[in-house]
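For reference, the structure discussed in these notes is given below.
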Amino acid sequence: MGPRHTSSRRLMAGGERSVGSIMSIDPADLWVAADEDFQEWVLERAYADNPAQCPLSADEDDPTCSLIHFAQGSLEVVHDDLRRVLPPAQLKEAIDILRVVGIDDAFVVRRELVNYKKTCLNIQRCATQLDRDLRQLVTFFKGSDDERIDIDDERIYVHSDRHTALCDALGQCKGALGVMSDLRQFVKTVCCVSRHPAKATPEYLAGLPRSLKHLRKYVRCAGDTVASQRGHTTVDEVHEADGDDDGADFHRGEESGAAHLARAMDGFAHLGWPPRIVSFVRKSLVAKGAVKALWMHSELIRGLRHLETYLRLLRGCVTELEAAPNLVDALSASRLEGVHGGDASSILQRVSRACRVRKELNQLYGAVEALGDQTTWLRRIADVPAERLFVAGDSDLRASTSMFIPSGFRVGDLFARCRAVCDGEFPRMMDVLRHEGWPTHLLGRLGAEKRTETNFKETTCRVCARGFSSLWVHRFICVACEINERFELGRCPYRESCASPFCPHANRCFVCDSWSCGECRLIRGDGEECLALAQQIEPDLTYLDWDRTVCTTRSGASPLKGTHAVDPDLLSMICSRPKGSVHIVTRNSYRDDIKTFMARAGLPDDIPVHTGRFCSSMTLSPNTWTRG
């Protein structure tokens, strides 16, 4: 979804009514209806306003049954199903049972996990750019101001304090970035468990803790360094978290989606309700995502055990490595040994080991700080927070309007410290490039990679036409030319004559940099962020594009040709909106096909579809739009 203007309240309206406010049958009549009449009455009368949302078509025993068109994501859609079918007394009983089995809490956890996942994505995006910037600075200034130390005719060069600060920041950034990458993948997979209880557990979750690749690597590398300092290997101790999941059998049984469905339905077994009513409740819990929410909650709790084990092991490695001789100790001992005629090779080995310890410690410092902070917040989510913790979209971390995090969420402080080090040295690199050009130690290496045809295109700057290694070229422009385009010329560096808006506050292109800016009042995000933003600002009207927004069609293609789907989050939003508050605005000319596809997908049939050849520059007026 592209940039959206939020200056007015024309996005999505937070309605007071539920999906099923219009019912043409009393639930008491459905309660006493004959079995042969029940399904017809429910479909044609209880769901007369929106038959596509009737859960009776869901088959909880058939994993091939598609549930994509059912609204999900909130407890309200489940309660709405129950209100349509259950009389008041039975409705209260059902709601109480759902609360007791944990479905109310599970939906709270689901909401927080979805937003936490996006928070991790925002942080990961910024941290990835920070990692690249730090690697450029470390490489650019390598050896430029090293200090030479002579020990027994051996010359040892030690980084200056400025370069050491860059290396330390790079190591800590790498450690924290790896943790956030693992956490995002873990939470993303938890959020993607199937609504269908008959579906298998995702391979990533079944493979825990080995699936946490960065954490696993940190433990192994730190363990190897610890072992080398001791002079022996302690595989069992160091790789404790690297074994098989002791809870695998437990996971495949009790914690499956089918097990959660059975547990949720146990509360209805003793009520003596008609089987058709119990079956309806069962199908509703599956179709509207209640069982999925329970499954997500249990997977979060299980994953937390592995994360906390890794945290304990990493802290142990930090303690071990901090006790090892550091670089200052190694240099002092080397000077003393050199005075007394020590072996030069042993001196270099001692210094080399100290440098390796320093490098591992920096990576571990970043990993431990990030993991310690994040396990605390994941534990708070698992314990079902009473207040809203995270609200986030798919935009950048520095676009504060698209992400709201709780007080005390400290992982951003870690990256902010590293960014401060980077920003302190970046102007120096810009100044050197402007006045002196590329440093000597890089000139001979520019374009030194093997030059295949594809590699040549990707690592040759389109502006200055020079060849570089992949570190210095991003999207066909080198860092020197990118700096000039952004900060001197104030335009998008990635596309010539880019027509997309350019943010003057951050020198970013809204499209090419996937940028959001509260001051510019342009926000990027997907369906989930759109829904969250709508619930927050409660606009009067919503205008949605069709291609690659509501539907997966592209370039004005007909939705009836090929296989296409509706965005599930936008579907949930549209189905809960008051009549006339949602409009489809598109350049796609297949208006009748769009209307037909909308009906098949379960979208309300009262949504106006506005089509226009030049809709990007047109205003919403009956004189300039074709209305459906």
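Residue numbering for the sequence shown follows the working numbering, starting at 15 and increasing by one per position.
Where is the CB? At the ideal position from N, CA and C, for every residue including glycine.
All values derive from a computational prediction rather than experimental measurement.
- Excluding sequence positions up to five before and after D119, its CB lies within less than 6 Å of the CB of V398, all in the same chain and listed in chain order.
- Contact annotation: the region 329-337 does not touch the region 124-139, with fewer than three C-beta pairs closer than 8 Å.
- A406 has M417 as its beta-bridge partners, per DSSP.
- Spanning the alpha carbons of L318 and P618 requires a straight line of approximately 41 Å.
- Excluding sequence positions up to five before and after A494, its CB lies within less than 6 Å of the CB of L447, all in the same chain and listed in chain order.
- Residues G189, A190, G192, V193, Y232, L328 of the same chain have their beta carbon placed closer than 7 Å to that of A381, with the five preceding and five following residues left out of the count.
- Contact between the region 367-381 and the region 513-526 is absent: fewer than 3 CB-CB pairs across the two stretches fall below 8 Å.
- For T454, the enclosing alpha helix (DSSP H) starts and ends at 454-457.
- Under DSSP, C565 shares a beta bridge with D561, V580.
- Contact check for Y61 against R98 passes: the beta carbons are separated by less than 8 Å.
- In this structure P211 is in contact with E74, their Cβ atoms being roughly 6 Å apart against a cut-off of 8 Å.
- Going by beta carbons, A307 and P339 fall outside the 8 Å limit.
- For F501, no alpha helix (DSSP H) segment is defined, and its DSSP state is neither H nor E.
- With respect to the 8 Å criterion, P453 and F200 are not classified as neighbours on the basis of their beta carbons.
- N136: member of the alpha helix (DSSP H) spanning 117-154, first to last residue.
- Here DSSP, grouped into helix, strand and coil, assigns H320 to helix.
- In this structure L403 is in contact with R394, their Cβ atoms being roughly 7 Å apart against a cut-off of 8 Å.
- Under the three-state reduction of DSSP, I39 is assigned to coil, being neither helix nor strand.
- If you look at W287, you'll find it isn't in any alpha helix (DSSP H); DSSP assigns it neither H nor E.
- Between F490 and R476, the beta carbon gap of about 5 Å places them in contact (Cβ cut-off 8 Å).
- The Cβ atoms of H311 and V123 sit closer than 8 Å to each other.
- Distance check between N498 and each of W309, P77, P41, P441 places P441 closest, using alpha-carbon atoms only.
- The count of Cβ pairs closer than 8 Å, one atom from the region 50-66 and one from the region 104-114, stays below three, leaving the stretches out of contact.
- Remark: fewer than three beta-carbon pairs, one from each stretch, lie closer than 8 Å, so the region 57-71 and the region 592-610 are not flagged as touching.
- For C206, there is no enclosing alpha helix (DSSP H), as DSSP marks it with neither H nor E.
- Inter-residue distance for T178 and I137 is about 25 Å (C-alpha atoms, whole angstroms).
- Shown here, H488 sits in a strand according to DSSP, grouped into three states.
- With contacts defined by Cβ atoms closer than 8 Å, A236 and E374 form a contacting pair.
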